[in-house]
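Chains as they are written, first to last, in this note's numbering: chain A, 1 to 98; chain B, 1001 to 1482; chain C, 2001 to 2496. A short write-up of the structure that comes next.
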Amino acid sequence: MNMTISREDVEYVAALARLELTEPEIQEYTEQLNSILDYAAMLERLDTDDVVPTAHAVPIHNVLREDQVRPSINHAKALRNAPDGDEGFFRVPRISLT
Amino acid sequence: MVVANQFEMVCGLEVHVELQTKTKIFCGCTTEFGGEQNTHVCPVCLGMPGALPVLNREVVNFAIKAGLALDCEIAEFSKFDRKNYFYPDLSKNYQTSQFDLPICGKGGLEIEIDGEKKWIGITRAHMEEDAGKLVHSGETISTSNESSVDYNRAGVPLLEIVSEPDMRSIPEVLAYLEKLVQILEYTEVSDCRLEQGSVRFDVNVSLRPFGTDTLGIRTETKNLNSFSSVRRCMEYEVARQARVLNAGENVVQETRTWDEGQGITLTLRSKEEAHDYRYFPEPDLPPLVIDKEWVERIRKTLPELPAARRARLQTLGLSAYDAAVITQAKAMADFFDEALTYYTDAKTLANWVMGDMTRLLNSNQCSVVDSPISAKQLAELLQLINKGTLSGKIAKSVLEEMYSTSKDASMIVKEKGLAQISDEGALLGIIDGVLAANPQSVEDYRAGKDKAIGFLVGQIMKATKGQANPGLVNQLLKEKLA
Amino acid sequence: MESVSIGKSVSEQHELLVHKDVSSTELTKAYIARIHSVDPDLQAYLTVLEDKALAQAAEIDRKIAHNEVLGALEGIPMALKDNMCTEGIRTSCASKMLESFIPPYNATVTDRLQAAGTILLGKVNMDEFAMGSSTENSYFAKTRNPWDLERVPGGSSGGAAVAVAADEASFSLGSDTGGSIRQPASFCGVVGMKPTYGAVSRLGLIAFASSLDQIGPFTKTVRDNALVLNAIAGYDPLDSTSVAYEKPDYTKFLVNNVKGLRIGIPREYYGEGIDPEVAKGIQAGIQTLIDLGAEVSECSLPHTEYAIPAYYLIATAEASSNLARYDGVRYGYRAEAEDVLGMFKQTRAEGFGPEVKRRIMLGTYALSSGYYDAYYLKAQKVRTLIKRDFDQAFEKFDVLLSPTAPTTAFKFGEKSADPLTMYLSDITTVPINLAGIPAISIPAGFVKGMPIGMQLMGKAFDEGTLYRVAYTFEQNTNHHTLKPSLSGEVLASGSR
Ligand SMILES: [Zn+2]
């Protein structure tokens, strides 16, 4: 099989996506992503140089809201689902700079 | 600076300015500063599952307005994109921003240093959302075992203004920033409260030997929040890079952070670790189509910008310096212009505004917007001087009284009986008394000692508690002694 | 009385309520009893709201007692796919990540159905984050097909399809990103509509792929479907992609007449993966429509085969970004770790299932530096070509017709081993989402005892014409009247 995506690519992508992968997962995804991307390579057959990309299914524009305050939700509601909420804050462990 | 002899500095800036809307960019939460943590939040700005953004019209209006004031092209078609990166203050772990089609294109502004004018180009300006705020349990982020997140700021609208790398010295950078902030304040798209973090600066600096055209390797220092930090940071960074280059090494292309306490910049991440932001068009927001009509509608709301205002004041007789001082802040210039509708002597007005008025405001730490003396009231005071009702000296004390009571000048004059004595009969009586009491001085004057008349005038003013019309006193005295 | 009434359509139940032949409380109790009886085997429900549902029903019964005018859906018990936010009621997306997530707000569809007086019986199973075609990817349960418990119900809205097919709800709402309403409707023998993108608000629908997701109804009959769409469709200022179109009364299109209607049969939808028996069944359906006076001819949608890769690149790219917010900070599952980076990585590794992780990986890759143009941008351009195919076809045809799925429901585990094989089975449904147009799946017969579905595709915002064709077909066939002989099977399954 054509190796479109290497093991290193998979590790890089996992890091970008903040997914801790196990060794079997890395192997499995390397294989599966290769098979999917090989299939996707069929898109190269199409000449799309002059084609405008479609980002939205329905072509609408300028959807705007007036600058009027709407009530915010209360503290309890905001923090109800927080895994570690305390004194009105969402808590997180140490943040390393890199 | 020593390095100035060897290297030329090249600098470009990214300025993030908070737009002065009532609500956030994509939800109806208030943008009010302060507020208990996580109370100005809703499913949208908390990035709750299923929440969707709706763009605030005023954000677009302000972006167009700022763009016009900065001579930018306004894009007919622009769109939002997602900038993907993980950080705990970013509630969706992507920032909704604009990537390849920003609302404002090329523009710029003119700075002036020692009489030399220079154009600083602006590459683009785009709309985006602010992130939340992190509060650390320890001294700094890295020494804290845990941090807390407050999303009140998350979703506050920002305009990011990116300059060309056109600046060649620290004074140029500061002049650019001052001018930029002035324009943004003038257009009232932002209150530019630096102390509340409503303007933040990213500084790109590189050095190159004088006479070369190619750019050196640059560093970007992020998130500075005052002019003085920008200045100190650049001084440090220029010296650091010069040391590196002088040691025959290469500057590392990287993102740095400014440590205010130590006064140094530190590596945040290198180019290799640079974020792969995976920008793509925001599927939850349809694009913006801004037609000429919309742009013209906004253009009509543009105030007279500082440069035009300065020029106009100079045609009214103000010196270049005075015009610059008056127009430095829009509020002051507005006060001046309003007073001018009641009192037409611009030069005298300027002296009072820049002199006593400013002194009073400063000593009371009061902004002109909150001044207890209105522009109309100041104008009335000056009219009283012109009419001869008040002397300039007494007017100064009336102004102080006006400041503490907010009363009209004429009211204070009336209540305190401060009007000048311009009645010849009354003055002649007083003059006669003073001459009779000071025969020596009269003799001295007649003997050619001109100074003696000053003493006599002083005695007359003393006798009238300063209310005598000084011109009239002089005239009458000379007639008497002739 | 009660056990009979749960098998009836929404409009029949409405008549029973109006004439006080049955109360909303009785109807609701009957459904709850049915859920207790069959759901241990079918596992359509993730959450059943007995008390809340009965309280809502009592409210409606008070209205009935006062002879107040009853709306078309008032007092009718229904179910929501568990990716639609319900305030104060767990909304899990069938994921460990949201196992205990209680939304602080309602989805617009939840609000609208509440305003219409419907009774929310509970939240139903799905593939995790709507990623899948079999509901096998649920973290919680494997929902079974009521026509054969060894087979999948389809997906990702498997629970919503089964709830209607097995009379565990009078109707339900599902969401459709690449076929997630139509394919399970086809597999379970019910009516499922994916409306035009922008017709139904997505606010409160937990996003999979924002530019493709759309909510729609599962019902027993075409009339019911039009009634439910009447209640949920229409502009929502809180969803920027919602369209302010002139919403018609969809029941006005329910006429038994297709004379002169031009129906196109896209030949690309009969490719190699199609089961010949399914093709035969659809052919019979086409003949029925021809006999009723429709003008049917073959047509071409030349870029169809490119739809699968384009779809999977766009959908996964959007998903990779949409699912970034699940990081253990504000809600949902959190794994403990020394620092934030470790917490993020571990939370997501443990909170997401394999298919979700696979799609996040694919989508992240498609957007990453150096590959954006080759994958994501290319896919968006191909999306334009696919849209153009439909535009051209609709110049000549009012409606396009195809099988909803190339096969009938497959067995558990049959396709889950190879993701690509599973993806390829979506060939007949994903082009519709890329184009943003509406499509409906209606019962069109059986192959070896398993239902097959006929898919009708229409012009943007022309759901009406789809209802007209679907209604005419339904009135002239009896496929929709057949029910799975569940009670017998459920008893038999007791020995398992
Ligand atoms: Zn908000």
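Here a beta-carbon is modelled for each residue, glycine too, at the ideal position from N, C-alpha and C.
At which residues does the beta strand (DSSP E) containing Val1135 (chain B) begin and terminate? By one-based count along the second sequence, residue 1135 (chain B) stands at place 135. Unbroken beta strand (DSSP E) run through Val1135 (chain B): Lys1133 to His1136.
Nearest to Ser2186 (chain C) by alpha carbon, out of C:Ser2133, C:Lys2415, C:Tyr2423 and C:Ala2169? Taking the first residue of the third sequence as position 1, residue 2186 (chain C) is located at position 186. When only C-alpha atoms are compared, the closest one is C:Ser2133.
Suppose the cutoff is 7 Å on Cβ atoms and the five residues either side in sequence are ignored; what does the same chain contact list for Tyr2270 (chain C) look like? Position 270 of the third sequence, counted from the start, is the residue given in the question as residue 2270 (chain C). Counting only Cβ-Cβ distances below 7 Å, and skipping sequence neighbours, we find Ala2279.
Give me the Cα-Cα distance between Ser1144 (chain B) and Val92 (chain A), rounded to the nearest whole angstrom. If you number the second sequence from 1, residue 1144 (chain B) lands on position 144. If you number the first sequence from 1, residue 92 (chain A) lands on position 92. The alpha-carbon atoms of Ser1144 (chain B) and Val92 (chain A) are separated by roughly 10 Å.
Across the stretch 1019-1034 of chain B and the stretch 1255-1262 of chain B, are there enough close Cβ pairs to call them in contact, namely three or more that are closer than 8 Å? no
Under 8 Å, with one C-beta from each stretch per pair, do the stretch 2094-2106 of chain C and the stretch 1041-1050 of chain B reach the 3-pair mark? yes
Please classify Phe90 (chain A) as buried or exposed, where buried requires at least 16 neighbouring CB atoms within 10 angstroms. Against the first sequence, residue 90 (chain A) aligns to sequence position 90. Buried: at least 16 other Cβ atoms inside 10 Å.
Find out if the Cβ-Cβ distance for the pair Leu1418 (chain B), Gln1467 (chain B) is shorter than 8 Å. For the purposes of this step, residue 1418 (chain B) is taken as the residue at position 418 of the second sequence. For the purposes of this step, residue 1467 (chain B) is taken as the residue at position 467 of the second sequence. Yes, they are a contact pair.
Apart from the five residues just before and just after Met2001 (chain C), which ones in its own chain have a Cβ nearer than 6 Å to its Cβ? By 1-based counting over the third sequence, the position of residue 2001 (chain C) is 1. Low confidence applies here, because Met2001 (chain C) scores a pLDDT of 42, under 50, leaving its location unreliable and the question unanswered by this model.
What does the Cβ neighbour count give for Asn2476 (chain C), buried or exposed, with the cut at 16 atoms within 10 Å? Position 476 of the third sequence, counting from 1, holds the residue named residue 2476 (chain C). Asn2476 (chain C) is exposed by the Cβ-count criterion.
In terms of residues, what are the limits of the alpha helix (DSSP H) holding Glu8 (chain A)? As a first step, residue 8 (chain A) is located in the first sequence; it is residue number 8 there, counting from the start. Unbroken alpha helix (DSSP H) run through Glu8 (chain A): Arg7 to Leu16.
For Val1149 (chain B), is the beta carbon positioned less than 7 Å from some heavy atom of ligand 1? The count along the second sequence starts at 1 and reaches residue 1149 (chain B) at position 149. Outside the cutoff, so no.
Could you tell me whether any non-hydrogen atom of ligand 1 is closer than 7 Å to the CB of Lys2381 (chain C)? Sequence index remark: in the third sequence, residue 2381 (chain C) carries index 381 (1-based). No, ligand 1 has no heavy atom inside 7 Å of this Cβ.
To which residues does DSSP link Lys2194 (chain C) through a beta bridge? Here the question's residue 2194 (chain C) lines up with position 194 in the third sequence. Beta-bridge pairing links Lys2194 (chain C) to C:Ala2439.
Quick check on Asp1213 (chain B): buried or exposed, where buried means 16 or more other Cβ atoms within 10 Å of its Cβ? For the purposes of this step, residue 1213 (chain B) is identified with residue 213 of the second sequence, where counting begins at 1. Counting Cβ neighbours within 10 Å, Asp1213 (chain B) comes out exposed, since fewer than 16 surround it.
If I'm right that Val2255 (chain C) touches Asn2225 (chain C) with Cβ under 8 Å, what's the distance once you round it to whole angstroms? Here the question's residue 2255 (chain C) lines up with position 255 in the third sequence. Here the question's residue 2225 (chain C) lines up with position 225 in the third sequence. Actually they are not in contact, since the Cβ atoms of Val2255 (chain C) and Asn2225 (chain C) sit about 15 Å apart, beyond 8 Å.
Roughly how many angstroms separate the alpha carbons of Ile2060 (chain C) and Ser2024 (chain C), rounded to a whole number? As a position in the third sequence, residue 2060 (chain C) is number 60, starting the count at 1. As a position in the third sequence, residue 2024 (chain C) is number 24, starting the count at 1. When rounded, the distance between both Cα atoms is 7 Å.
Report all residues from its chain with a CB closer than 6 Å to the CB of Gly1375 (chain B); omit the five preceding and five following residues, and keep chain order. Taking the first residue of the second sequence as 1, we reach residue 1375 (chain B) at position 375. Checking the sequence shown, residue 1375 (chain B) turns out to be Ala, not Gly. Closer than 6 Å at Cβ, skipping near neighbours: Phe1335, Glu1338 and Ala1339.
Tell me, to the nearest whole angstrom, how far the beta carbon of Thr2177 (chain C) is from that of Gly2155 (chain C); I am working on the premise that it is less than 8 Å. For the purposes of this step, residue 2177 (chain C) is identified with residue 177 of the third sequence, where counting begins at 1. For the purposes of this step, residue 2155 (chain C) is identified with residue 155 of the third sequence, where counting begins at 1. About 11 Å; that fails the 8 Å criterion.
Please check the pair Arg7 (chain A) and Ile26 (chain A), which I expect to be a contact at CB under 8 Å, by giving their CB distance rounded to whole angstroms. In the first sequence, counting from the first residue as 1, residue 7 (chain A) sits at position 7. In the first sequence, counting from the first residue as 1, residue 26 (chain A) sits at position 26. About 6 Å; that satisfies the 8 Å criterion.
If you run the structure through DSSP and keep just helix, strand and coil, what is Ile1103 (chain B)? As a position in the second sequence, residue 1103 (chain B) is number 103, starting the count at 1. Reduced to three states, the DSSP call for Ile1103 (chain B) is coil.
Going along the stretch 2158-2179 of chain C in order, which residues come within less than 9 Å of chain A, judged by CB to CB distance? none
State the start and end residues of the unbroken alpha helix (DSSP H) segment that holds Met1234 (chain B). As a first step, residue 1234 (chain B) must be located in the second sequence, where it is residue number 234. From DSSP, the alpha helix (DSSP H) with Met1234 (chain B) extends over Phe1227 to Asn1246.
Can a CB atom of chain C be found closer than 8 Å to the CB of Pro1102 (chain B)? The residue labelled residue 1102 (chain B) in the question sits at position 102 within the second sequence. Taking Cβ atoms only, chain C never reaches closer than 8 Å to Pro1102 (chain B), which makes this a no.
Is it buried or exposed for Met1001 (chain B), if we count other Cβ within 10 angstroms and need 16 for buried? Translated into positions along the second sequence, residue 1001 (chain B) becomes position 1. At Met1001 (chain B), the pLDDT of 44 sits below 50, so the modelled position is not reliable and the matter cannot be decided from this model.
Identify each residue in the stretch 2257-2270 of chain C for which the Cβ-Cβ distance to at least one residue of chain B is less than 7 Å, and report them in chain order. none
Listed from N- to C-terminal order along the chain, which residues in the stretch 67-87 of chain A have their beta-carbon within a distance smaller than 7 Å of any beta-carbon of chain B? Asp67, Gln68, Val69, Arg70, Ser72, Ile73, His75, Ala78 and Leu79
Any C-beta of chain C sitting closer than 8 Å to the C-beta of His56 (chain A)? Numbered from 1 along the first sequence, position 56 holds the residue referred to as residue 56 (chain A). Closer than 8 Å to some Cβ of chain C, the Cβ of His56 (chain A) qualifies, so yes.
How far does the alpha helix (DSSP H) with Asp2391 (chain C) in it extend, from its first residue to its last? For the purposes of this step, residue 2391 (chain C) is taken as the residue at position 391 of the third sequence. Counting along the chain, the alpha helix (DSSP H) containing Asp2391 (chain C) begins and ends at Lys2378 to Lys2396.
Spell out whether any CB of chain A is found under 8 Å from the CB atom of Gln2380 (chain C). Working through the third sequence from its first residue, we reach residue 2380 (chain C) at position 380. For Gln2380 (chain C), the answer is yes, since a Cβ of chain A falls inside 8 Å of its Cβ.
Under a Cβ-count criterion, where at least 16 other Cβ atoms within 10 Å of its own Cβ denotes burial, should Leu1266 (chain B) be classed as buried or exposed? As a position in the second sequence, residue 1266 (chain B) is number 266, starting the count at 1. Exposed.
For His1040 (chain B), count neighbouring Cβ atoms within 10 angstroms of its own Cβ and tell me buried if that reaches 16, exposed if not. As a first step, residue 1040 (chain B) must be located in the second sequence, where it is residue number 40. Buried, by the Cβ-count rule.
DSSP puts Gly1108 (chain B) in a beta bridge; with which residues? In the second sequence, residue 1108 (chain B) corresponds to position 108, counting from 1. Paired residues: B:Gly1121.
CA-CA distance, Glu1146 (chain B) and Asp84 (chain A)? Locating residue 1146 (chain B) in the second sequence gives position 146, counting from the first residue. Locating residue 84 (chain A) in the first sequence gives position 84, counting from the first residue. So the two alpha carbons sit approximately 11 Å from each other.
At a CB-CB cut-off below 7 Å, which residues of chain C make contact with Lys1092 (chain B)? Position 92 of the second sequence, counted from the start, is the residue given in the question as residue 1092 (chain B). Within 7 Å Cβ-Cβ: Ala2324 and Arg2325.
Give me the residue from B:Gly1216, B:Leu1302 and B:Gly1108 with the minimum Cα distance to Glu1185 (chain B). Locating residue 1185 (chain B) in the second sequence gives position 185, where the first residue counts as 1. Out of B:Gly1216, B:Leu1302 and B:Gly1108, B:Leu1302 has the C-alpha closest to the C-alpha of Glu1185 (chain B).
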